[in-house]
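Engineer:
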Amino acid sequence: MKNFNSLLRYNFIIYIKSNKFIMPLIVWIAFMGVMYSIKPLDIVSSFIFSMMFLFTVMLWISFSYLEALDSVSEQLVILKVRKEWMYYLGNNVFLMLIGVIMSFIGVLCPIIINVVNNFTLFNRRLTLEDCLSSLILHIIFAVLGCSVGILCGPRCIKSRKLAVEIIVLVVIISVIKFQLIQKVNIIKYITWILPPVCDIQAFFSNKGFFDIQNTVKSIMYGVIYTFIYNVINIEILKRKRF
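Next up, the structure:
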C-alpha cells in the first residue's frame, strides 16, 4: 500500500511538471461556461451531455499523459517497485482520480451557477438526488474515458497517427452507436466492445429524473468495462517490452 501511494504521488509530480493538465482543464471549464450560459435547461439532458463531453476530455488527458512519460524513467520506477503490474495500475488509478476531480468540477460548477442565477438555471428544482446521481455518472464516464485512453498509449499502439485515428473513431461510434446499428444491423456484433457511452445515455433519454435502477445499471456497466479494459492494458504492457 505504501508503494502504491508513492506511485500516485510520483504520477502527480510528473503530471504537474508536464503542464499537460492546463489545456484540458481550460477546455472543460470553458465548455461548462458556454453550456450553462443558457437557461432554463433540462437537468437530466444537460448533465448527460456534460458527461459525454467529459468522456472525451478524460480520453484526451489519459492519452496526452502517457505520451509524456519517459521510457527510461518508467523502467527505473518499475525496478524500484519490483511489481510491474503495480506500476501500470498506479498510472491507471492516478488518471482515474483526475477523472473524479474533473467530475466534481463538472457537478459543482452548474450548482454554483444555479445559485448565482437565483435557482433559475434549470427548468425545475435541483435536488440532492440529481447531484449525487450526476456525480456518480460523471465519474463513470470519466473513468471509461481514461480506460480507453490508456489502451491507446504509446506502449500499446506505437503509431501515434493510428492511435489518434482510433480514438476519434471510438468517440464517434460510442456516441452514435445506436444510429449506426439502425442503418447497419450487423455492427451491433462489433460495437459491444466499445465503452457503453451510448447505452448509458439511452437509459436516461427523455426522462426528467435520474432513477436509481438505471443509475445502478450504469455503475455495473462502468465497473465491468473499466475492469476489462484495465486488465487488457496491463497484460499488453507486461508482454510488450520497452
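Sequential numbering of the sequence shown, starting at 1198, is according to the numbering used here.
Don't be surprised by glycine CBs; every beta carbon is placed ideally from N, CA and C.
It should be emphasised that the depicted structure is a prediction, and the values quoted were computed from it without experimental measurement.
Let me confirm a value: T1324 is counted as buried when at least 16 other C-beta atoms fall within 10 Å, else exposed. Which label applies?
Structural biologist: Taking the sequence shown and counting its residues from 1, the one referred to as residue 1324 is at position 127. Burial call: exposed.
Engineer: Taking V1394 as the reference, give the member of I1383, K1355 and S1344 with the closest Cα.
Structural biologist: Position 197 of the sequence shown holds residue 1394. Checking every option, the nearest Cα to that of V1394 belongs to S1344.
Engineer: Tell whether a beta-carbon distance below 8 Å holds between K1435 and E1281.
Structural biologist: Sequence index remark: in the sequence shown, residue 1435 carries index 238 (1-based). Sequence index remark: in the sequence shown, residue 1281 carries index 84 (1-based). For K1435 and E1281, yes; Cβs fall inside 8 Å.
Engineer: My guess is that F1400 and N1411 are in contact by the Cβ rule of under 8 Å, so how many angstroms apart are they, rounded?
Structural biologist: The residue you call residue 1400 lines up with position 203 of the sequence shown. The residue you call residue 1411 lines up with position 214 of the sequence shown. Right, the Cβ-Cβ distance comes to about 4 Å (below 8 Å), so this counts as a contact.
Engineer: When the distance is taken between beta carbons, is Y1285 closer than 8 Å to N1403?
Structural biologist: Reading the sequence shown from its first residue, position 206 is the one you call residue 1403. Reading the sequence shown from its first residue, position 88 is the one you call residue 1285. Result no, Cβ atoms of N1403 and Y1285 do not sit closer than 8 Å.
Engineer: What three-state label does DSSP hand L1238 in the structure shown?
Structural biologist: As a first step, residue 1238 is located in the sequence shown; it is residue number 41 there, counting from the start. Three-state result, L1238: strand.
Engineer: When the Cα atoms are used, what is the spatial distance from I1298 to N1289?
Structural biologist: The sequence position of residue 1298 within the sequence shown is 101, counting from 1. The sequence position of residue 1289 within the sequence shown is 92, counting from 1. In a straight line, the C-alpha of I1298 is about 15 Å away from that of N1289.
Engineer: Could you give the distance in angstroms between the alpha-carbon of N1320 and the alpha-carbon of F1244?
Structural biologist: Residue numbering aside, residue 1320 sits at position 123 when the sequence shown is read from its first letter. Residue numbering aside, residue 1244 sits at position 47 when the sequence shown is read from its first letter. Roughly 13 Å separates the two Cα atoms.
Engineer: Using a 10 Å radius around the Cβ and a threshold of 16 neighbouring Cβ atoms, would you call V1428 buried or exposed?
Structural biologist: The count along the sequence shown starts at 1 and reaches residue 1428 at position 231. Label assigned to V1428: exposed.
Engineer: Tell me whether the beta-carbon of I1354 lies closer than 8 Å to the beta-carbon of I1363.
Structural biologist: As a working mapping, residue 1354 is identified with position 157 in the sequence shown. As a working mapping, residue 1363 is identified with position 166 in the sequence shown. Yes.
Engineer: Relative to the alpha-carbon of V1231, which residue among I1275, N1382 and G1303 has its alpha-carbon at the smallest distance?
Structural biologist: Taking the first residue of the sequence shown as position 1, residue 1231 is located at position 34. The shortest Cα separation from V1231 among I1275, N1382 and G1303 belongs to G1303.
Engineer: Which of the three DSSP states is assigned to F1319 in this structure?
Structural biologist: Along the sequence shown, one-based indexing puts residue 1319 at 122. If DSSP states are grouped into helix, strand and coil, F1319 belongs with the strands.
Engineer: Along the alpha helix (DSSP H) that carries D1327, what are the first and last residues, could you check?
Structural biologist: Along the sequence shown, read from residue 1 onward, the residue named residue 1327 stands at position 130. Start and end: L1325 to L1348.
Engineer: Does P1393 come out as helix, strand or coil in the three-state DSSP assignment?
Structural biologist: Along the sequence shown, read from residue 1 onward, the residue named residue 1393 stands at position 196. Residue state, collapsed to three classes: coil.
Engineer: Rounded to whole angstroms, what is the Cα-Cα separation between E1326 and E1271?
Structural biologist: Residue 1326 sits at position 129 when you count from the first residue of the sequence shown. Residue 1271 sits at position 74 when you count from the first residue of the sequence shown. The straight-line gap from Cα to Cα measures roughly 42 Å.
Engineer: Nearest to V1278 by CA position, among L1205, L1366, V1372 and K1414, is which residue?
Structural biologist: Within the sequence shown, numbered from 1, the residue matching residue 1278 stands at position 81. Per the Cα distances, L1205.
Engineer: Do you know whose CA, among N1202, I1210, S1261 and F1375, lies nearest P1351's CA?
Structural biologist: Indexing the sequence shown from 1 puts residue 1351 at position 154. Answer by Cα proximity: S1261.
Engineer: Check this for me: beta carbons of F1252 and L1341, under 8 Å apart or not?
Structural biologist: Numbered from 1 along the sequence shown, position 55 holds the residue referred to as residue 1252. Numbered from 1 along the sequence shown, position 144 holds the residue referred to as residue 1341. F1252 places its beta carbon less than 8 Å from that of L1341.
Engineer: Within a Cβ cutoff of 7 Å, which residues of the same chain sit near I1336, ignoring the five residues on either side of it in sequence?
Structural biologist: As a first step, residue 1336 is located in the sequence shown; it is residue number 139 there, counting from the start. Answer for I1336: G1296, V1297 and S1300, listed in chain order.
Engineer: Kindly indicate the opening and closing residues of the alpha helix (DSSP H) around L1286.
Structural biologist: Taking the sequence shown and counting its residues from 1, the one referred to as residue 1286 is at position 89. Unbroken alpha helix (DSSP H) run through L1286: E1281 to V1313.
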